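Going line by line, the protein sequences match chains R and E. Under the numbering used here, the residue at position 229 of the first sequence is numbered 229, and the numbers go up by one with no gaps. Under the numbering used here, the residue at position 96 of the second sequence is numbered 1096, and the numbers go up by one with no gaps. Glycine residues also receive a C-beta, built at the ideal position from the N, C-alpha and C atoms. Owing to the predicted nature of the structure, the values given are computational and were not obtained by experimental measurement.
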Amino acid sequence: MGELLGKYRSLKVFLDICVKCGACADKCHYYLGTGDPNNMPVARQELMRKVYRKHFTPAGKLFPGLSRAEDLTEDVMEQWYRYYHQCSQCRRCSVFCPYGIDTAEISMAAREIMDSVGIGQKYCNEILGKVNSIGNNLGINKAALGNTLEFVEEDVKETTGVDVRYPLDEKGAEVLLIAPSADFFSEPHIQGFTGYGKVFHEAGVSWTVSSYASEFANFGMFIGNYGVMQKVARRIKDAALDLGVKRIVVGECGHAWRVAYSFWNTLIGPFDFLDPKHRNPTHICEYSLDLIKRGGLKLDKSANDSLTVTFHDSCNVARGSRMGDMPGGQFEVPRDLIKAMCNNYVEMNEDTIKEVTYCCGGGGGLLTDELMDLRVKGVLPRANALHDVMQNKGVNTMATICAICKAQFTKVLPYYGIPMETVASVHQLVSNAIVLGGKKGV
Amino acid sequence: MSGLSALSLSFVIMFYAAAAVFIFGLAAKVYGYAVTPAPLKIPTTPAPATSGGVALRMASEIFLFSSLFKGNKWTWIGGYAFHVTFALVIFRHLRYFLQPVPEIVSLAGPPGVWAGVLLAGAAGYLFVRRIAVDRVKYISSGADYFALILIGSIAATGLIMKFLLRADVASVKSFMMGIVTFSPVNMPADAMFIVHLLLVMALMVYFPFSKLVHMGGIFFSPTRNQVDDCREHRHVNPWAA
């Protein structure tokens, strides 16, 4: 812990300055869902603070009893494991904290400390194993990836009659697309992926997927390890250099966008080998909306007329990164894009969207069946807000831009009587509305 | 220092010691925060894209407690009243440390007294809140009650000297002026003043080692003080560069 305190100002400041005002206490979806007082962010932090006090403060050293200071015993470690894996690092608490204390920073540090003594979490570490050996979290090898892309091509040809290419490892392509690997695999993710290809097709831009770096997600962040996060990100830079692309566009994934937007420049930058004309990296929503604004897409909104759409802001996009040029662009860009695709759009309760959006309940490395009970409870605040607009505003579709949100929602919303088909990719709406062959090369 | 009574001498020494602990303790904490690297950009977004914007954001946190306002209105009311009145009370106390007394400090005199009343009230309110709200009770520990009791008692002893057992303000002032000019004189034989001073010294010593360092720490909170310009400017991590 001493080493981390010397490396991370966030941790050092945050462990000292909490006054336990309780503003965060009722803001965590896991606390609201489970009612377990240790899931109040301040109480979750306290698990680390009591060890911190014991070893790093005079009061804790002199009067451990009075100041609630404890050693990191096996019992305490067990609590750490339990509660630091009930934090999805969504940062909702940090919005309300008068000092901006971010529990995600603390749970990342706790996981790093646990990893250093061999108490890792199986799900995250298996995934990191796969991304390092195969190139993506799901372990899809190059041949399977190629098959998937062919399948998408055939599917688009069948449904639209147009040849839209979904290229793999094409050297000299202008754009390298990095998507979360779930986009090659699951519903509704793959609908969104289909949409990306249609956008590039209409833009008349050559693009490619890389089999070496076929993963946008970066679980290095979830385990709180800088080096691992850097190593996972490095594959993307290497692929971009190898393929000789001019820009990097990334798909719909929440925490990965945070890593890309906020951390890539530090981890693997500078991006001086890419075309400086573009924002690098570019989010696919920025890309598509820019194209629409330049008149580059022909759209038929009525293709989505059977849908009444609402938008779930993914936590890491809302509170950890940005799109566009203005603060808050991460709220406006996807909404503007959705509104350009459909005629019926409705917001959920304002206490549950944008800056104060609730996590889906599956982020931060918790998207594993072992934690299913927690995931079902953690989605409660979002499920309530969604249920409300479904009942009162006729909403039947909740679009979102995160692979984890999509996977979590399709799995756990049915527990609340909400069908999994309610969950959609934003670029699925784009895919529906695009009129192929409408415009070219803008 | 000849002619000082043993009691006065020991208080003078204690005061200098307490002031030293407060100043150097807090400075050491702040220095520690300042030299610890912030490896990654982690502002809580939406965050300002310019340093001017960040200054505004910090100002609204420090002067308005804007995040707390979003978080909990009842806590905000108590916490805001507590801090503002505390600041005003401290400002009013400059009259005991400055000669001549600047006009602005004199003007703060009467409102400063009422701020003292509110300060004691706010400390009481926050204390009751810690006991009465289950959620807050769960997270409260001895340190949280202690800070409120300490500051509440300081306010209370001050008010007693103002309204009940009136202190001899002139001799209090000459004692404090003696301390700040490093030519100490005997302290007034006023029990309430002695208690008041003891509590203040206790606060000064306690301050740098407690959650009260939030006063200095807030300026170093990366989620609030960082500019959101990650794509435009490369942020370098000093230990992985």
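**Q.** Nearest-angstrom beta carbon gap, Ala-256(R) and Tyr-212(R) [assumed within contact, 8 Å]
**A.** Actually they do not touch by this definition, with Cβ atoms about 17 Å apart.
Q) How should Ile-1090(E) be labelled, buried or exposed, when 16 other C-beta atoms within 10 angstroms of its C-beta is the threshold for buried? A) exposed
Q.
Helix, strand or coil, according to DSSP, for Thr-1050(E) in the structure here?
A. coil
Q: Drop a sphere of 10 angstroms on the beta-carbon of Phe-311(R), count the other beta-carbons inside from all chains shown, and report buried for 16 or more, exposed for fewer.
A: buried
Q. Nearest chain R C-beta to Ser-1005(E) closer than 8 Å, yes or no?
A. no
Q: Can you have a look at Gly-1052(E) and say buried or exposed, based on whether 16 or more other CB atoms are within 10 angstroms of its CB?
A: exposed
Q) From this set, Ile-236(R), Lys-157(R), Ile-190(R) and His-189(R), which residue's C-alpha is nearest Leu-176(R)'s C-alpha? A) Ile-236(R)
Q. Straight-line CA distance for Leu-307(R) to Asn-396(R)?
A. 6 Å
Q: Output, in sequence order along the chain, the residues in the segment 20-49 of chain R whose CB is closer than 8 Å to any CB in chain E.
A: Lys-20, Cys-21, Gly-22, Ala-23, Cys-24, Ala-25, Asp-26, Lys-27, Pro-37, Met-40, Val-42, Ala-43 and Glu-46
(Q) Would Val-478(R) and Asn-218(R) be called neighbours here (beta carbons separated by less than 8 Å)? (A) Look at the range of chain R in this structure, 1 to 442, and you will see that residue 478(R) is not part of it.
(Q) Which residue wins for smallest C-alpha separation from Val-356(R), given the options Val-1236(E), Gly-1142(E) and Gly-1071(E)? (A) Gly-1071(E)
Q.
Please classify Gln-391(R) as buried or exposed, where buried requires at least 16 other C-beta atoms within 10 Å of its C-beta.
A. exposed
(Q) Using 8 Å as the threshold, is the C-beta distance between Ser-107(R) and Cys-1230(E) below it? (A) no
**Q.** Between the CA atoms of Asn-316(R) and Thr-103(R) - distance to the nearest angstrom
**A.** 13 Å
Q: Per DSSP, which residues does Ile-178(R) bridge with? Please list them.
A: Val-250(R)
Q) Hey, out of Met-77(R), Thr-34(R) and Ser-288(R), whose CA is closest to Lys-50(R)'s CA? A) Met-77(R)
(Q) Quick check on Tyr-1031(E): does DSSP put it in helix, strand or coil? (A) helix
Q: Could you pull out every residue in the same chain whose Cβ sits closer than 6 Å to the Cβ of Leu-1203(E), ignoring the five residues on either side in sequence?
A: Leu-1150
Q: Within the same chain, show all residues whose beta-carbon is closer than 6 Å to that of Gly-1304(E), passing over the 5 residues directly before and after it, in chain order.
A: Because chain E is modelled from 1001 through 1241, residue 1304(E) falls outside the range shown and cannot be assessed.
Q.
Within 8 Å of any Cβ in chain R, is that where the Cβ of Gly-1152(E) sits?
A. no
Q) Of the residues Thr-208(R), Arg-82(R), Glu-350(R) and Ile-134(R), which one's Cα is nearest the Cα of Val-249(R)? A) Thr-208(R)
Q. Is Leu-490(R) helix, strand or coil when you go by DSSP?
A. The question about residue 490(R) has no answer here: the residues shown for chain R are numbered 1 through 442.
Q. With a CB to CB cut of under 7 Å and the five nearest residues on each side skipped, what residues in its chain are close to Val-389(R)?
A. Thr-310, Val-346, Met-348 and Val-395
Q.
When you compare the CB of Tyr-1080(E) with every CB in chain R, is at least one pair closer than 8 Å?
A. no
Q) Whose C-alpha, out of Arg-68(R), Arg-319(R), Cys-21(R) and Pro-64(R), is nearest the C-alpha of Ile-1077(E)? A) Cys-21(R)
Q: For Trp-264(R), I'd like the list of residues in its chain whose CB is within less than 7 Å of its CB, leaving aside the five on either flank, ordered along the chain.
A: Ala-233 and Pro-281
Q: Quick one: using the 10 Å Cβ neighbour count with 16 as the cut-off for buried, is Tyr-1016(E) buried or exposed?
A: exposed
Q | Phe-271(R) - DSSP class collapsed to helix/strand/coil | A | coil
Q) Using DSSP with H/G/I as helix, E/B as strand and the rest coil, what is His-1093(E)? A) helix
(Q) At the 8 Å Cβ level, is Ala-1155(E) part of the contact set with chain R, yes or no? (A) no
Q.
Going by DSSP, what residue range makes up the beta strand (DSSP E) through Thr-400(R)?
A. 397-400
Q: Less than 8 Å between the CB atoms is what I'm expecting for Pro-1111(E) and Leu-1094(E), so what's the real figure, rounded?
A: Not a contact, Cβ separation roughly 14 Å.
Q. Would you call the CB atoms of Arg-92(R) and Tyr-416(R) closer than 8 Å?
A. no
Q | DSSP state of Ile-434(R) mapped onto helix, strand, coil | A | strand
Q: At 9 Å on the CB atoms, spell out the chain R contacts of Leu-1198(E), in chain order.
A: Simply none; closest approach about 19 Å.
**Q.** Under the three-state DSSP convention, the category Trp-207(R) falls into
**A.** strand
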